[in-house]
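Once you know that position 70 of the sequence shown is 69 in numbering that gives the first Met the number 0, the rest is easy, because the numbers rise by one and skip nothing. In what follows, a single structure is set out as structure tokens and then discussed.
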Amino acid sequence: MVNSPGFRVDADKVAEAGNGISRSVKDQDNFELRGLCGESDLYGHQGLHDALMDFCVRWSDGLDVLTGDGGAIGSALTKAADAYRGIDDATARTLGGDPGQGAVDGG
0 MVNSPGFRVD
10 ADKVAEAGNG
20 ISRSVKDQDN
30 FELRGLCGES
40 DLYGHQGLHD
50 ALMDFCVRWS
60 DGLDVLTGDG
70 GAIGSALTKA
80 ADAYRGIDDA
90 TARTLGGDPG
100 QGAVDGG
């Protein structure tokens with residue numbers, strides 16, 4: 000958890016979101032709807048088959064665009080989580096101890 004006045008980030012949740020998006024993109028990668036509609040004789044009408052094929056091709060192209068954007072978002076979230084953790088670790092090392100320890104010890 001990265002905390003500062005008026006600002007709080009759960010770096011683990013940011014990383015989890017980035018990993019989830021990246022997994023979704025990987026699952027979708029190379030899945031093309033073009034092959035979904037099958038042969039035209041399954042429909043009994045060439046026009047119906049062609050319309051479904053056109054829909055699948057367009058939808059598949061749209062998914063390619065979305066997964067490209069999703070890959071970039073997943074990567075950015077993972078890098079942001081790493082940066083938050085790095086800043087938090089670096090800040091913790093500068094403290095040199097627990098600033099509240101004196102009060103706990105009675106001082």
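Note that the Cβ used here is the ideal one computed from N, Cα and C, for glycine as well. Given the structure is predicted, the values throughout are model-derived calculations rather than measurements.
With a threshold of 8 Å on Cβ separation, who are the neighbours of residue i within its own chain once the five nearest residues in sequence on each side are excluded?
i, result
"P4", "none"
Where residue i and residue j are concerned, what is the direct C-alpha to C-alpha distance, given to the nearest angstrom?
i, j, result
"D9", "R84", "9 Å"
"L35", "V64", "19 Å"
"R22", "D87", "27 Å"
Classify residue i: buried if its beta carbon has 16 or more other beta carbons within 10 angstroms, exposed otherwise.
i, result
"A82", "exposed"
"A80", "buried"
Residues in the same chain with beta-carbon distance under 6 Å from residue i, minus the five sequence neighbours each way, listed in chain order, please.
i, result
"A91", "none"
The segment 60 to 80 contacting the segment 2 to 20, beta-carbon criterion three pairs below 8 Å: yes
Within 8 Å, do at least three Cβ pairs link the segment 61 to 73 to the segment 20 to 27? yes
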